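Visitor:
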Amino acid sequence: MKKVSLVLMASVLLFFWSCSKDREEMISFPHYMVTDYFKVKTPIRLFTDGKEITDQAIINTFIEDSTYTGFGKYTKHSSYFENDKIKITKDTLITFTHQDSVVIGTFDARTNPKRSVIKKGNEFVIISPSHTIQSQTSPINEILKHKFIIDNVTYMPIHGSLYLIREVYSAYGDYNQMEMPRINYLYKRKGGWGNALSRLNEFDEAYIAKVAKGDTLAVQEYRIGLKAK
Numbered sequence: 009m010k011k012v013s014l015v016l017m018a019s020v021l022l023f024f025w026s027c028s029k030d031r032e033e034m035i036s037f038p039h040y041m042v043t044d045y046f047k048v049k050t051p052i053r054l055f056t057d058g059k060e061i062t063d064q065a066i067i068n069t070f071i072e073d074s075t076y077t078g079f080g081k082y083t084k085h086s087s088y089f090e091n092d093k094i095k096i097t098k099d100t101l102i103t104f105t106h107q108d109s110v111v112i113g114t115f116d117a118r119t120n121p122k123r124s125v126i127k128k129g130n131e132f133v134i135i136s137p138s139h140t141i142q143s144q145t146s147p148i149n150e151i152l153k154h155k156f157i158i159d160n161v162t163y164m165p166i167h168g169s170l171y172l173i174r175e176v177y178s179a180y181g182d183y184n185q186m187e188m189p190r191i192n193y194l195y196k197r198k199g200g201w202g203n204a205l206s207r208l209n210e211f212d213e214a215y216i217a218k219v220a221k222g223d224t225l226a227v228q229e230y231r232i233g234l235k236a237k
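First residue of the sequence shown? That's 9 in our numbering, and the numbers climb one at a time after it.
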């Protein structure tokens with residue numbers, strides 16, 4: 009009897025898996041998705057000297073502080089973590105033009121082309137065809153979980169190594185509902201200058217150990233929920 013029950017359970021599970029797979033294969037393209045929600049995944053986290061700072065008073069002091077950003081201007085650290093840095097809004101249309109390509113927002117062959125998509129289970133790996141230049145002094149590729157594709161390296165006497173890169177990131181879920189990670193970060197180096205960016209990506213926890221003494225890294229992660237239109 010027990011053996012029969014196990015066989016029956018396996019058959020039921022196989023049936024539901026087959027139905028789910030059939031529904032996914034029935035998706036027609038182009039397939040449209042819109043923003044369903046935006047949520048903060050983590051509070052602003054602070055790191056220095058290979059360790060995380062958990063004293064909220066110290067975190068608050070850093071966030072309320074400012075850094076000189078040139079031309080007589082000081083930028084408040086909290087401004088790097090405002091929600092208006094998130095470029096995907098409720099009006100942004102996500103278009104899967106095919107199983108292997110997606111457009112985030114309004115298509116433009118030069119400024120916003122189709123991105124390649126590789127589906128791995130419930131993960132959609134998205135690769136930009138557009139190249140940007142990154143300096144060797146920027147730690148962004150190490151901070152991010154999904155590493156950039158480096159297509160070329162050029163050495164410049166003043167700037168050092170310059171990398172020609174393509175952005176890689178992921179979304180999780182299926183064609184009906186998915187979440188797209190977003191990260192904002194500020195890396196302030198000893199001496200006062202630093203880097204700040206907002207990316208569709210996730211934080212690589214392994215980078216914590218690489219934050220140098222005297223440097224400070226502030227990170228906040230978000231999730232953008234998408235639903236089928």
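Where is the CB? At the ideal position from N, CA and C, for every residue including glycine. All figures in this text were calculated on a predicted structure; none of them were measured in a lab.
If you drop the 5 nearest sequence neighbours on each side, which residues of the same chain put their C-beta closer than 8 Å to that of Val161?
Guide: Taking the sequence shown and counting its residues from 1, one reaches residue 161 at position 153. For Val161, where only same-chain residues beyond five positions count, the Cβ hits under 8 Å are Ser169, Leu170, Tyr171 and Leu172.
Visitor: How is His85 classed by DSSP in three states: helix, strand or coil?
Guide: Mapped onto the sequence shown, residue 85 falls at position 77. Helix at His85.
Visitor: Could you say which of Val219, Lys235, Lys237 and Ile135 lies nearest to Gly58 if we only look at CA atoms?
Guide: By one-based count along the sequence shown, residue 58 stands at place 50. Nearest option by C-alpha distance: Val219.
Visitor: What are the complete beta strand (DSSP E) segments, minimum 3 residues, inside the stretch 174–200?
Guide: 176–181 and 185–196
Visitor: According to the neighbour-count rule (16 or more other Cβ atoms, all chains shown, within 10 Å of its Cβ), is Ile232 buried or exposed?
Guide: Against the sequence shown, residue 232 aligns to sequence position 224. By the neighbour-count rule (16 or more Cβ atoms within 10 Å), Ile232 is buried.
Visitor: Give a yes or no on contact between the stretch 190–199 and the stretch 80–100, applying the rule of three or more CB pairs nearer than 8 Å.
Guide: yes
Visitor: Considering just the uninterrupted stretch of the beta strand (DSSP E) at Glu131, what are its terminal residues?
Guide: Taking the sequence shown and counting its residues from 1, one reaches residue 131 at position 123. Taken as a continuous stretch (DSSP letters only), the beta strand (DSSP E) holding Glu131 covers Glu131 to Ile135.
Visitor: What is the rounded straight-line gap between the Cα of Met41 and the Cα of Val110?
Guide: Here residue 41 is taken as the residue at index 33 of the sequence shown, counted from 1. Here residue 110 is taken as the residue at index 102 of the sequence shown, counted from 1. Each residue's alpha carbon lies about 10 Å from the other.
Visitor: For His106, which beta-bridge partners are listed by DSSP?
Guide: Along the sequence shown, one-based indexing puts residue 106 at 98. Per DSSP, Ser109.
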